[in-house]
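The structure appears below as structure tokens.
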Amino acid sequence: MAAAMAPRVLPLPRQQSFSPPTVLNPFVHPGRLSAGNKLRVPTISGGIIPCIGQGSVSYGSTWTARTAAVTGYAVTADTVNRKYMGDSTALQGIILLPLRVICITFLLLLAWLSASIATFCQPGRGFLPLKGWRRRMIQTALSSLTRTAYLVMGFQVKVKGKVASLPEAPIFVAAPHSSFFDAIICALTGMPSIVTRAENLSTPVFGTILSSLQPVAVSRQDPDSRKNTVAEITRRALSRGQWPQILIFPEGTCTNRSCLITFKQGAFVPRVPVQPVLLRYPNKLDTVTWTWQGYSFKELCIMTLCQIFTRLEVEFLPVHVPTEEEKNDPILFANRVRQTMANALNVPITDHTFEDCRLMISAGQLTLPMEAGLVEFTKISKKLNLKWNHVREQLDTFAAIASASKGGRIGIEEFAEYLKLPISDVLRELFLLFDRNGDGTIDFREYVIGLSILCNPANTEETIRMAFKLFDMDEDGTITEDEFASIIQSALGLPELDVSVLFKEIDADETGKLSYEEFKNFAVKHPEYATLFTTYLDLQRHQLGMFEEHDTEPPKGKHSPVRSTAPVSETPLARNKVCPEGNEEDSSSISDKKDD
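This is the structure:
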């Protein structure tokens with residue numbers, strides 16, 4: 006029988022840089038409206054008349070399944086009309102919303118007309134900056150119309166600080182980016198150029214208005230789009246005043262304002278001064294936050310227009326002039342500007358980025374909770390040298406393991422089932438290496454870190470070849486089920502373990518023997534086994550060292566391998582030719598990732 010493994014006394018050392026972020030999910034709405042504040046939608050001949058504030062009103066038509074008073078107590082379809090028909094909040098839904106929609110539509114058409122006139126027969130369309138009366142018309146007409154539109158929508162805008170001139174700061178960087186209503190900054194800064202998707206320019210009405218701002222268009226179909234976008238931003242920023250200022254939201258996506266995520270480098274590559282711009286929405290009822298998990302564009306528009314007023318604060322911080330060190334390092338420049346803005350906002354910073362949003366969507370498609378895909382991609386990709394496609398492939402494997410569990414996490418039972426091994430001390434120790442926070446489960450972030458730090462560095466061609474030789478006890482170039490079982494049983498300290506299911510999965514051609522190619526293909530696709538293999542190799546090297554030092558048979562008992570993770574079984578150890586000198590040093594120098 007295997008010797009019992011002593012319980013762990015000291016916690017496993019962990020790199021602080023891999024600690025979970027202070028904000029776990031910045032891409033979710035901070036909270037759905039409570040029962041007392043929900044938007045209830047009565048239907049009138051297929052239309053909707055929602056009401057925020059006190060309640061909702063229906064005109065004798067069908068009532069949606071969701072019925073409650075916004076004051077905090079429930080109402081029914083029978084009592085709503087009687088109680089709130091004469092209430093001012095009914096007018097808020099019946100009169101205020103349609104009136105605002107009509108006014109905004111009129112202002113939008115005026116903005117479209119002004120943009121069309123300013124860009125009519127424009128010379129060098131898109132390649133040369135607007136000048137003279139064209140530029141003045143954009144600055145005055147569109148700026149005034151935009152301010153008026155926000156006033157009509159009920160926004161009370163408070164501005165702090167001084168807007169920098171073009172010579173002082175060619176680029177504005179605004180954060181946190183949490184809503185389409187953030188566009189108010191354009192009106193406050195004289196309608197600067199913006200960065201937008203190329204598809205937006207073909208949108209009716211809005212496309213014409215956006216085109217008049219001469220935006221930097223980003224095309225998702227062009228593989229060189231990111232490089233071209235940065236080059237265009239740089240060209241304009243260094244044009245010595247020929248082009249207008251550029252407004253950039255460096256986060257690249259919307260968040261819930263709970264933190265500042267990674268800043269993209271585009272605004273900082275030109276090495277010119279930038280002016281940080283802060284956005285705050287100090288409202289008790291949040292009807293503006295537009296995140297990946299939350300209300301839709303249409304819902305937010307209706308909810309906001311139903312508010313009597315919505316507070317918005319815009320603060321212009323002092324211009325940040327880059328030092329020589331920052332000019333030579335755009336990442337450093339971006340991080341320092343982000344930290345300045347975070348300090349002013351009194352919020353933390355995290356290493357989430359748009360790629361995390363893509364992983365969230367993929368997680369949802371794999372029937373996992375969407376937040377399961379969040380890994381802080383900027384940090385993970387940089388420290389572990391991972392590409393997005395590789396992390397996405399790991400998400401597929403993780404989903405396959407976690408599919409049987411709830412909450413998008415892997416427990417010890419799912420871990421053992423995936424490896425087709427019983428729960429043992431060795432497996433528990435391996436599980437603990439993945440479970441970084443010690444909560445008894447492995448989330449996707451921990452899984453990615455574990456594979457990169459524990460498994461992939463050990464899963465080299467040399468290690469796989471050594472493991473194959475270890476299993477091939479008769480050195481005939483193949484591994485039989487008995488040879489395979491002998492080593493697995495010894496490594497796990499379970500002499501009676503049945504490994505036939507695992508063996509058959511590796512035996513792709515069903516010959517009853519494993520070739521090196523079959524063994525290698527399985528090891529590459531399942532790097533989790535690498536730690537088990539290397540642990541056994543470390544144990545064998547230790548015992549051979551003891552044998553050579555004392556010139557005696559290795560004692561049958563408990564030894565301490567490098568990781569101190571595996572008990573020693575009474576099953577005979579295969580010591581056939583698999584301990585090349587210097588291998589331990591090689592495996593420890595594969596990557597500094599193993600410092601973890």
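Okay, so the sequence shown: first residue is 6 according to our numbering, each after it adds one.
We treat Cβ as the ideally placed atom computed from N, Cα and C, and that holds for glycine.
Check whether residue i and residue j have beta carbons under 9 Å apart
i      : j      : result
Glu424 : Leu507 : For the sequence presented, residue 424 should be read as Leu rather than Glu. Contact: yes.
Gln270 : Leu322 : no
Ile199 : Pro220 : yes
Ile336 : Asp356 : no
Trp297 : Met196 : no
Arg343 : Arg397 : no
Ile493 : Leu426 : yes
Ile176 : Ile266 : no
Ala421 : Ala368 : no
Val223 : Thr208 : no
Val210 : Leu147 : no
Val453 : Leu389 : yes
His182 : Cys259 : yes
Arg276 : Glu381 : no
Ala490 : Ala528 : no
Residue closest to residue i, alpha-carbon to alpha-carbon, out of the options
i      : options                           : result
Phe160 : Trp393, Gly455, Gln312 and Val33  : Gln312
Lys525 : Arg470, Glu173, Glu510 and Glu237 : Arg470
Ala180 : Val162, Leu112, Leu284 and Ser119 : Leu284
Leu317 : Thr446, Val164 and Leu379         : Val164
Glu510 : Gly166, His531 and Gln494         : His531
Ala174 : Thr151, Ile253, Ser119 and Trp117 : Ile253
Val352 : Phe302, Glu304, Ser491 and Ser263 : Ser263
Val178 : Thr208, Lys388, Ser230 and Gln250 : Gln250
Glu488 : Leu519, Thr465 and Ile307         : Leu519
Thr402 : Glu533, Ala513 and Gln494         : Glu533
Val319 : Lys289, Thr145, Thr258 and Thr194 : Thr194
Lys392 : Glu360, Glu419, Glu418 and Ile458 : Glu360
Glu515 : Val529, Thr483 and Ala347         : Thr483
Phe132 : Ser217, Val162, Pro287 and Ile109 : Ser217
Val33  : Leu437, Leu135 and Trp295         : Trp295
Pro287 : Ile447, Leu29, Asn261 and Ala272  : Asn261
Gly455 : Thr468, Phe439, Asp444 and Gly443 : Phe439
Lys167 : Lys387, Val282 and Thr328         : Val282
Three-state secondary structure assigned by DSSP to residue i
i      : result
His395 : helix
Val529 : helix
Val319 : strand
Leu133 : coil
Thr485 : strand
Leu373 : coil
Phe160 : strand
Lys474 : helix
Ala405 : helix
Ser429 : coil
Leu147 : helix
Gln494 : helix
Lys289 : coil
Limits of the unbroken alpha helix (DSSP H) element including residue i
i      : result
Ile366 : Phe359 to Gln370
Arg245 : That residue, Arg245, is in no alpha helix (DSSP H); it is neither H nor E in DSSP.
Arg262 : Element bounds for Arg262: n/a, residue is neither H nor E.
Arg202 : From DSSP, Arg202 is part of no alpha helix (DSSP H) but of the beta strand (DSSP E) over Ser198 to Arg202.
Lys303 : Phe302 to Leu310
Phe111 : Leu102 to Thr124
Phe338 : Pro335 to Leu350
Arg285 : Segment Val279 to Arg285 is the beta strand (DSSP E) holding Arg285; no alpha helix (DSSP H) there.
Lys384 : Phe382 to Leu389
Ile454 : Phe449 to Gly455
Ala192 : Ile189 to Leu193
Ala421 : Ile417 to Leu424
Residue interval of the beta strand (DSSP E) (run including residue i)
i      : result
Ile251 : Ile251 to Ile253
Phe177 : Ile176 to Ala180
Val221 : Val221 to Val223
Cβ-based burial, residue i [other Cβ within 10 Å; buried from 16]
i      : result
Ile107 : exposed
Gly517 : exposed
Asp477 : buried
Ile428 : exposed
Ser24  : exposed
Gly378 : buried
Pro55  : Annotation note: pLDDT 40 at Pro55 (below 50); position unreliable, coordinate value reported separately. Result: buried.
Cys126 : exposed
Gln247 : exposed
Glu314 : The identity of residue 314 in the sequence shown is Phe, whereas the question assumes Glu. When all chains shown are included, Phe314 counts as exposed.
Arg240 : exposed
Minimum Cβ-Cβ distance from residue i to chain D less than 9 Å
i      : result
Tyr155 : Here chain D cannot be found, since the structure has a single protein chain.
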